[in-house]
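Protein sequences, first through last, are from chains F and H.
If you read the first sequence in the UniProt record's numbering, its first letter stands for residue 1, the second for the next number, and so on.
If you read the second sequence in the UniProt record's numbering, its first letter stands for residue 1, the second for the next number, and so on.
Note that the Cβ used here is the ideal one computed from N, Cα and C, for glycine as well.
Here is the structure we will look at, set down as structure tokens.
Number of protein chains: 2
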Amino acid sequence: MNFCSQCGHPVAHQIPPGDDRQRYMCNHCGAIHYQNPRIIAGTLPVWQQQILLCRRAIAPRQGYWTLPAGFMENGETTRQAAARETWEEALARVEVGELYTITSIPHINQVQMLYLAELPHPEYAAGPESTEVRLFSEEEIPWDELAFLTISNALKLYFEDRRNGVFPTRHIDLNH
Amino acid sequence: MNFCSQCGHPVAHQIPPGDDRQRYMCNHCGAIHYQNPRIIAGTLPVWQQQILLCRRAIAPRQGYWTLPAGFMENGETTRQAAARETWEEALARVEVGELYTITSIPHINQVQMLYLAELPHPEYAAGPESTEVRLFSEEEIPWDELAFLTISNALKLYFEDRRNGVFPTRHIDLNH
Ligand SMILES: [Zn+2]
Ligand SMILES: [Zn+2]
């Protein structure tokens, strides 16, 4: 950040009065430009014991497999964000269930939330950010080609929990 | 937002190529300035069956009672944010437990997360954003003077759950 988005003057990186951390501040109009973590929302879509994964068409981790997930937008709930991302990346309409994993990733200022979801029909296709979308049984999961640690964590937990038939919300802090 | 924070030129509010919603875009340097929901993290601090509440020194809802909570900062986990806010508003060191409520509030672009927490000692005091901090038994809770619907929801659920001895994570969508 170089310029004030309110008045266009250069900003300084300094600690505002009464605060205890550096912010981008405008000494012309007084605006303080806070920066906060963003939420990634997504689903773990299931159809008849199989999981829907997407092969990424874009960076980061292009070519690797992931669960459908992306940045939550203003004006939506976390569940709506999870369903929208599943539609955009996998062209699949899902019934979003319970929150399954919530992962803080402080070194990249993100909190990821994955919801259990049901595919009512095996209908899906690659959206613009995917090159391929398909269902995988547990034995078929491409463990060495998963895009992110949060995704392999969620899938491992899911298959463990499935053996017990209970799916508690898992709270994970990923430290770099 | 009026000016590009990267290059200082005026921004336009328009739909970028390949996107489906309006963003603040800079037609000079090409930057797209996304705006995303923010996370409010806090605790429900308990000491010997009593709950710690703070009377707000600042807007909004100045003079009303709330649980300690505030905006999550970059570089921290949700639990760290919850503990830090409890320290800042109530000068209380808590042991943060399980996620208790997660509430989407789409009309103000917020997701609020409240954690169960234990006060090891009844030591607390008003921080700069509070005028008064004290412990309340269930009978003493000032229901008509609570600052936010999310706070009264969490407290009602807590007293119900306490009768049953189980505190499942509650997922709430607040529609305006
Ligand atoms: Zn300014
Ligand atoms: Zn620009």
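Within 8 Å, strictly: CB atoms of residue i and residue j
i, j, result
"Leu91 of chain F", "Tyr124 of chain F", "yes"
"Ala41 of chain H", "Ala81 of chain H", "yes"
"Ala154 of chain H", "Leu67 of chain H", "yes"
"Phe159 of chain F", "Glu138 of chain F", "yes"
"Gln49 of chain F", "Asn74 of chain H", "no"
"residue 177 of chain H", "Met113 of chain F", "Past the edges of chain H, shown from 1 to 176, lies residue 177 of chain H, and the structure says nothing about it."
"Trp87 of chain F", "Pro142 of chain F", "no"
"Glu98 of chain F", "Pro106 of chain H", "no"
"Gly63 of chain H", "Glu85 of chain H", "no"
"Arg170 of chain F", "Tyr100 of chain F", "yes"
"Ile39 of chain H", "Thr103 of chain H", "no"
"Phe148 of chain H", "Arg61 of chain H", "yes"
"Pro16 of chain F", "Ile32 of chain F", "yes"
"Val111 of chain H", "Thr150 of chain F", "no"
"Phe3 of chain H", "Phe167 of chain F", "no"
"Glu89 of chain H", "Gly127 of chain H", "yes"
Residue-chain proximity (residue i, chain F), Cβ-Cβ < 8 Å
i, result
"Gln22 of chain H", "no"
"Gln14 of chain H", "no"
"Leu116 of chain H", "no"
"Glu73 of chain H", "yes"
"Asn109 of chain H", "yes"
"residue 247 of chain H", "Residue 247 of chain H is absent from the structure shown; chain H starts at 1 and stops at 176."
"Cys7 of chain H", "yes"
"Pro106 of chain H", "yes"
"Leu99 of chain H", "yes"
"Thr169 of chain H", "yes"
"Asp161 of chain H", "no"
"Met1 of chain H", "yes"
Residue i Cβ short of 7 Å to ligand 1 heavy atom set
i, result
"Cys7 of chain H", "no"
"Ala31 of chain F", "yes"
"Cys26 of chain H", "no"
Any non-hydrogen atom of ligand 2 within 7 Å of residue i CB
i, result
"Cys4 of chain F", "no"
"His13 of chain H", "no"
Which residues DSSP lists as bridging residue i, in chain order
i, result
"Ala83 of chain H", "Paired residues: none, contrary to the question."
"Pro24 of chain H", "The question names Pro, yet the displayed sequence has Tyr at residue 24 of chain H. DSSP lists H:His13, H:His33 as partners of Tyr24 of chain H."
"Ala41 of chain F", "F:Gly70, F:Met113"
"Phe136 of chain H", "H:Ile51"
"His121 of chain H", "Answer is none; His121 of chain H lacks a bridge partner."
"Val94 of chain H", "None; Val94 of chain H has no bridge partner."
"Ile172 of chain F", "F:Thr103"
"Phe3 of chain H", "H:Pro10"
"Arg56 of chain H", "H:Ser130"
"Leu146 of chain F", "F:Trp65"
Proximity test, Cβ basis, 8 Å: residue i and chain H
i, result
"Glu76 of chain F", "yes"
"Ile151 of chain F", "no"
"Arg84 of chain F", "no"
"Gln35 of chain F", "yes"
"Ile32 of chain F", "no"
"Arg55 of chain F", "no"
Residue i beta carbon near ligand 3 (any heavy atom closer than 7 Å)
i, result
"Glu160 of chain H", "Among the ligands present in this structure, namely ligand 1 and ligand 2, ligand 3 is not found."
Quick check: the segment 2-16 of chain F against the segment 48-61 of chain F, are at least 3 beta-carbon pairs closer than 8 Å? no
Across the segment 94-109 of chain F and the segment 31-46 of chain F, are there enough close Cβ pairs to call them in contact, namely three or more that are closer than 8 Å? yes
Would you check if there are 3 or more beta carbon pairs closer than 8 Å linking the segment 123-141 of chain F to the segment 23-36 of chain H? Because the criterion of three Cβ pairs below 8 Å is not met, the segment 123-141 of chain F and the segment 23-36 of chain H do not touch.
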